[in-house]
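In our numbering, the protein residues as written are 21 to 242.
In this text, a Cβ means the ideal position worked out from N, Cα and C, and glycines have one as well.
Remember, predicted model here, so these are calculated numbers, not experimental data.
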Ligand code: 5RP
């Protein structure tokens, strides 16, 4: 196992300590969130816990199902007690998410939760919020949105699928635009992007309670 894989597992283990019987949990997407979901399923089985998971992607839904977790859609629960998810870049004041294209449902789940804990390995921790800002757009608006995004960066492109011709289609039936940029003011940029007509959501996350960084032996709080 690589050291980064070990760090992901250790971050996931630390997040598992926040889980209590009876909770409704927001389940993130991606390889780090997967480690958490696997550990959660083991614990639920072992301790016979009453937990309901709200998956943030089809991928997480399928995994949770396979592992025997009880799942519900966001409109089937009254509240989400705690959400756990990974990130592509993590700083103290902002996260970049959406590498796996699940940013919109991830944000819906994380922002609706009473508490959102982000879990990352050390490669994700940066001083500056810089990298790929993912923007989910309704297909009709991709070109007009792209024009607006050039005001933020010269490097803007739409994400193309690997085993399908043309653009990736998200779990919500939309396109993804990737914008390479430095996000100086995460809260402001998150709002500015959201204000462009046709934008569904961006991968800038500014509402979170904690970032747990896995280390090779255990974990630390960012
Ligand atoms: C998916 C995400 C993921 O949380 C993010 O890409 C991190 O993934 P991983 O844990 O595989 O590095 O935002 O849309």
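Between the alpha carbons of residue 57 and residue 42 lies a gap of roughly 16 Å.
DSSP assignment within the segment 132-218 yields the following whole alpha helix (DSSP H) runs of 4 residues or more, N-terminal first: 162-169, 206-214. When the beta-carbon positions are compared, residue 197 and residue 128 stay at least 7 Å from each other. In this model, residue 26 and residue 193 are separated by some 34 Å (Cα to Cα).
Rounded to the nearest whole angstrom, the C-alpha separation of residue 30 and residue 168 is 40 Å.
The beta-bridge partner set that DSSP reports for residue 110 consists of 115, 145. Within its own chain, the residues whose Cβ lies closer than 8 Å to the Cβ of residue 50, once the five positions on either side in sequence are excluded, are 105, 106, 119, 120, 122, listed in chain order.
Here residue 202 is exposed, its C-beta having fewer than 16 other C-beta atoms within 10 Å.
Placement of the Cβ of residue 51 at a distance of less than 6 Å from at least one heavy atom of the ligand 5RP is found.
For residue 102, the secondary structure class from DSSP, reduced to helix, strand or coil, is strand. As a beta-bridge residue in DSSP terms, residue 240 pairs with 233.
In this structure, DSSP gives residue 27 a helical state, which the three-state scheme calls helix.
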